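Novice: Quick note, the sequences are listed as chains D and E, same order. Here the numbering used here is used: the first sequence runs in plain steps of one and ends on residue 457. Here the numbering used here is used: the second sequence runs in plain steps of one and ends on residue 1457. Don't be surprised by glycine CBs; every beta carbon is placed ideally from N, CA and C. In this text, all values refer to a predicted model and were calculated from it rather than measured experimentally.
Number of protein chains: 2
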Amino acid sequence: MTELDFFFYPQSIAIIGASDNLRFGYSTTLYLLNSGFKTYPINQKKKELFGHPTYNNIKDIPEDIELALILIKNDFVLDAVKQSIEKGVKGIIIESAGFAETGIDKHVVMQDEIIKLCKESHVRIIGPNCVGITNFSNQFTTADISFDRMQKGGISIIAQSGVLGNIFLDWASSQNIGFSKVITLGNKIDVDEVDMLEYLERDPETKIITLYLEGTKRGKNLIRTLKNVSKPIIVLKNGRSETGSNAVKSHTSSLAGNDRIYDAIFKQVPGVFRVNNFYEMFNIAQVFSTQPLPRGKNIAIITASGSLGILACDLIEKYGMSLARLSEKSIQALYHVIPDWVSLKGTIDLGPSLFETFNKSIEIIGNDENVDCILFIYSVPRWPLERLNIPVSPLFRRLKKYASKLGKPCIVCAFGSRWVYDYLLESTSKFNIPQMRRIKEAIKAFKMMHDYQKMNN
Amino acid sequence: MTELDFFFYPQSIAIIGASDNLRFGYSTTLYLLNSGFKTYPINQKKKELFGHPTYNNIKDIPEDIELALILIKNDFVLDAVKQSIEKGVKGIIIESAGFAETGIDKHVVMQDEIIKLCKESHVRIIGPNCVGITNFSNQFTTADISFDRMQKGGISIIAQSGVLGNIFLDWASSQNIGFSKVITLGNKIDVDEVDMLEYLERDPETKIITLYLEGTKRGKNLIRTLKNVSKPIIVLKNGRSETGSNAVKSHTSSLAGNDRIYDAIFKQVPGVFRVNNFYEMFNIAQVFSTQPLPRGKNIAIITASGSLGILACDLIEKYGMSLARLSEKSIQALYHVIPDWVSLKGTIDLGPSLFETFNKSIEIIGNDENVDCILFIYSVPRWPLERLNIPVSPLFRRLKKYASKLGKPCIVCAFGSRWVYDYLLESTSKFNIPQMRRIKEAIKAFKMMHDYQKMNN
């Protein structure tokens, strides 16, 4: 049992502000009451919620409570915290908003009072102004998500914003990206990114950490912790500009700070990689979480579209990687398989012959010692898939087989309509090959993996 | 009737290499033979294709042929071109690949012979190594696409690559982005981007031109033409790097040239905007094609997610735009509608109160004279939409109404799963509001629209 485990594996939970009205709190109440977690709803107006008896006050619950979840209006939160502490909880998650982030004096004061209680009692608090915790291993959650649609995986999230706790999970699930722990921290009056980085470093299910930060109050601790964490960390730090940093204040009452300092810190700490948006963050994290680290920086590009191949070449050079030069032996072998007019000096552009030649080509390319990473740019029109019912699964099975054999990371960039994308995703997911729409994100992923590999050698 | 009209509105077509085998050419043959276009299939092995009698040779066709479409293997193309010229066609589209782009001597020679014939005869040729033309107004196409799924609109494409002629159209159609003319040029032995820019400038259905370029042989003409075109032009030029520019050679046998020179040209010509990838290209083009030009550079951000609002602020500053400051009058009016803890100094973050407050807020924001552009960042979890069946259509109807009233461009950035995205897209499309996933592309679109507006004043 690790400190803070009660947030992720609570023995018992009280929901203060449990509700069966279709509003904030509804989903969480419904889910937890019907789950295997021992859950007690607090509601002063209703005697029953979804068939479960309610309590007037957390102190009326006849059993010990480990975790209190607070979902009520800001004005009532302070009292609820007091009562939870008196009840003897170990942790409190305050989801309610309307505290220091509003900039309004009385709300700032309310938050300060809660901080005082927290310090005196040593009860740990997450929030306010967040959607709390999700743990994919025991399916515990305080956020509005549906585990039926989601995948378990090696990525964990520490975020200062609620949008990461549900909306981006929902997006990631439609990409078949899998998660371990998701932590949204809000205004961070107690538990912060430093605590959670330490927690996730020890969590055996977390392979890679994604961190969304608006500001920090413990700069030195953060740097030290970032340095101590052995797992790769992908950071998104907003509030780079003056306009953005003003917006940070009214979001989670953080100080965004000078972006150059943050940038210097992130660059200076090995294993920490800065990204520019949430899609980059999760697409790259998925590559880290599912693919082996490359041994070198040579990327082979297999494509049916010359122009997308060129785009990839430009990005390879931009990010300091190299286009793989196939060995003479591979080139000779490939010309037994592919038409003589396919040039093998740069990208491997199989053109319309892709379906006939890919299976044999990938064996040769995968085995080539000059190839460290494989990017397969899939750009075939919809109609042959649709009309001929071409099974793509064998294609990706072989890609996986020959990439895995020598431990090479591979990524599929898929182009075309939703229909084509999903048709492919079904197969790539089966073989744990990350699939994305943007070549830039694929090349950046290889670059970061390569840097991380060098750092560990 | 304009010169080159026969490529877009052919009176009669011969397909050399018409086929009912499920391979390249199948779809085009099937579509054109069953369309209203007078189409004659040439096939030496079969007497009938899809119930239509075939001809051995284009010269056997008893009627005049305006356009010859060549789909046969590279070795036979030269003869087909000769016969087409003898038949008296006005234009030829050669889709077949395997010419100068292979770098193989005999293929280069074949291409040179075709060029010679073209110059002597004055017959215009598009290609080789392309998928030809698509015209959305009469539904003529030589590419593998299905008009049932596509929208007509104001965007035209000039591209040196086939991937733009089908795969990206297929993607754009799932975004409800609408097109007018699509031209893929391949190796450009005759008709090139200069010809087509001139053609599209005169085309009343084309509101905005997107240009994908790998290189040009007529640099001075291109600059002059870019300057003369009054419509906005969005350019993607690949081959920026050495690796990429080598790849260009083996794709369309073009010389990529020095990227700095291209960059200087694009920056120097007003109304020409350079983008970095195909998604940017079409998302931004759609904004130009459906939205009014902004009168100034103040962007109002309406959101339910603080962190996405901050991201938008950072990008607004990065691209030299401004976050709109609402007038005192608007702020007073808004506080009658929204909770007092919503800060109105920066982004307008309505949080969970979005559904109750948006309708009234948008009227005030839309009418505010300090607002020139409206970005609505939609980030609501899936469950309320799904369980409560919340209709989003009234939301977007009002957004459209109040944005249109004073001629303000608006964009919706939608976050969450595919399901949520499509749920919204159905409504935004109805009101002609561009919807996208990336805030960066929205801000860049406003920025380019603003620059274009300044240039025209």
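Could you round the C-beta distance between D:Leu354 and D:Cys413 to whole angstroms and report it? I think they count as a contact, below 8 Å.
Specialist: 14 Å between Cβ atoms; not a contact.
Novice: Quick check on E:Leu1255: buried or exposed, where buried means 16 or more other Cβ atoms within 10 Å of its Cβ?
Specialist: Flag for E:Leu1255 reads exposed.
Novice: Taking the straight line between their C-alpha atoms, what separation do you get for D:Pro339 and D:Gly346?
Specialist: Their backbone Cα atoms lie some 16 Å apart in a straight line.
Novice: Can you give the Cα-Cα distance for D:Glu317 and E:Glu1242, rounded to whole angstroms?
Specialist: Going from the Cα of D:Glu317 to the Cα of E:Glu1242 covers about 8 Å.
Novice: For D:Leu71, which residues from the same chain have a beta carbon less than 6 Å from its beta carbon, with the 5 sequence-adjacent residues on both sides left out?
Specialist: Closer than 6 Å at Cβ, skipping near neighbours: Gly17, Gly25 and Glu95.
Novice: Is DSSP giving E:Phe1140 helix, strand or coil here?
Specialist: DSSP places E:Phe1140 in strand when its eight states are reduced to three.
Novice: Is it the case that the segment 393-408 of chain D contacts the segment 276-295 of chain D, given that we only count it when at least three CB pairs across the two stretches are under 8 Å?
Specialist: With the cut-off at 8 Å, the segment 276-295 of chain D and the segment 393-408 of chain D touch.
Novice: Hey, could you find the ends of the beta strand (DSSP E) E:Val1272 is sitting in?
Specialist: Val1272 to Arg1274 is the extent of the beta strand (DSSP E) around E:Val1272.
Novice: Tell me the residue span of the beta strand (DSSP E) that contains E:Val1235.
Specialist: Looking at the DSSP string, the run of the beta strand (DSSP E) that includes E:Val1235 is Ile1233 to Lys1237.
Novice: In angstroms, rounded to a whole number, what distance separates the CA positions of D:Leu399 and D:Ser305?
Specialist: Near 18 Å, if we compare the C-alpha coordinates of D:Ser305 and D:Leu399.
Novice: CA-CA distance, E:Ile1158 and E:Lys1038?
Specialist: Taking the straight line from one Cα to the other gives about 26 Å.
Novice: What is the DSSP secondary structure of D:Gln435, reduced to helix, strand or coil?
Specialist: Looking at D:Gln435 - three-state DSSP - the assignment turns out to be strand.
Novice: Terminal residues of the continuous beta strand (DSSP E) containing D:Tyr87?
Specialist: Looking at the sequence itself, residue 87 of chain D is Lys, so the reference to Tyr does not match. Run containing D:Lys87: none in the beta strand (DSSP E); it sits in the alpha helix (DSSP H), Asn74 to Lys87.
Novice: Assign E:Asp1349 to one of three DSSP states: helix, strand, or coil.
Specialist: Here E:Asp1349 sits in strand by DSSP.
Novice: Can you list, in chain order, the residues of the segment 359-391 of chain D whose Cβ is nearer than 8 Å to any Cβ on chain E?
Specialist: Answer set for the segment 359-391 of chain D: Ser379, Val380, Pro381, Arg382, Trp383, Pro384, Arg387 and Leu388.
Novice: Once the 5 residues before and after E:Leu1030 are set aside, which same chain residues still bring their CB inside 7 Å of it?
Specialist: Closer than 7 Å at the Cβ level, and outside the excluded window around E:Leu1030, lie Phe1050.
Novice: From E:Ile1443 to D:Asn129, what distance separates their C-alpha atoms?
Specialist: Whole-angstrom Cα-Cα distance: 28 Å.
Novice: Find the residues of chain E that neighbour D:Gly219, judging by a C-beta separation of less than 9 Å, and give them in chain order.
Specialist: Simply none; closest approach about 19 Å.
Novice: Please confirm if D:Thr252 has its CB atom under 8 Å from at least one CB of chain E.
Specialist: True, the Cβ-Cβ gap to chain E drops below 8 Å.
Novice: On the criterion of 16 or more Cβ atoms from any shown chain inside 10 Å, does E:Leu1388 qualify as buried, or is it exposed?
Specialist: E:Leu1388 should be labelled exposed.
Novice: Within 10 Å of its beta-carbon, does E:Ala1247 have 16 or more other beta-carbons around it, so buried, or fewer, so exposed?
Specialist: By the 10 Å Cβ count, E:Ala1247 comes out buried.
Novice: Please list the terminal residues of the continuous alpha helix (DSSP H) segment that includes D:Lys38.
Specialist: Where D:Lys38 is concerned, there is no enclosing alpha helix (DSSP H), although the beta strand (DSSP E) it sits in stretches over Lys38 to Ile42.
Novice: Spatial neighbours of E:Ile1013 within its chain, please: C-beta separation below 8 Å, excluding the five flanking residues on both sides.
Specialist: For E:Ile1013, where only same-chain residues beyond five positions count, the Cβ hits under 8 Å are Leu1032, Phe1037, Lys1038, Thr1039, Tyr1040, Ile1065, Glu1066, Leu1067, Ala1068 and Leu1069.
Novice: From the beta carbon of D:Asn34, is the nearest beta carbon of chain E less than 8 Å away?
Specialist: Answer no: the Cβ-Cβ gap between D:Asn34 and chain E never drops below 8 Å.
Novice: In whole angstroms, give me the CA-to-CA distance for D:Ile208 and E:Val1081.
Specialist: Rounded to the nearest angstrom, the two C-alpha atoms are 59 Å apart.
Novice: Do E:Phe1415 and D:Ile177 have their C-beta atoms closer together than 8 Å?
Specialist: Cβ atoms of E:Phe1415 and D:Ile177: not closer than 8 Å.
Novice: Going along the chain, which residues of the segment 258-284 of chain D sit with their C-beta nearer than 7 Å to a C-beta in chain E?
Specialist: Flagged, chain order: Asn277.
Novice: So, does the CB of D:Val248 fall closer than 8 Å to a CB anywhere in chain E?
Specialist: By this cut-off, D:Val248 is an interface position.
Novice: Would you identify the three-state DSSP class for D:Thr54, choosing helix, strand or coil?
Specialist: Three-state DSSP puts D:Thr54 in coil, outside helix and strand.
Novice: Flag this pair as yes or no: are the beta carbons of E:Tyr1212 and E:Leu1197 separated by less than 8 Å?
Specialist: Contact: no.
Novice: Please classify E:Phe1076: is it buried, with 16 or more other beta-carbons within 10 angstroms of its beta-carbon, or exposed?
Specialist: By the neighbour-count rule (16 or more Cβ atoms within 10 Å), E:Phe1076 is not buried but exposed.
Novice: Go to D:Cys413, then tell me how far its alpha helix (DSSP H) extends in each direction, as first and last residue.
Specialist: Counting along the chain, D:Cys413 falls outside any alpha helix (DSSP H), though it belongs to the beta strand (DSSP E) covering Cys410 to Ala414.
Novice: Of all the CB atoms in chain D, is at least one closer than 8 Å to the CB of E:Lys1401?
Specialist: Chain D, which has no Cβ nearer than 8 Å to the Cβ of E:Lys1401, makes this no.
Novice: According to DSSP, which residues form a beta bridge with D:Arg224?
Specialist: Looking at the DSSP assignment, D:Arg224 forms no beta bridge with any residue, so it has no partner.
Novice: Indicate the three-state DSSP secondary structure (helix, strand or coil) for E:Ala1445 in the structure shown.
Specialist: Looking at E:Ala1445 - three-state DSSP - the assignment turns out to be helix.
Novice: Measure how close the beta-carbons of E:Ile1411 and E:Val1287 come, nearest whole angstrom, since I'm counting them as under 8 Å.
Specialist: Contact holds; Cβ gap of about 6 Å.
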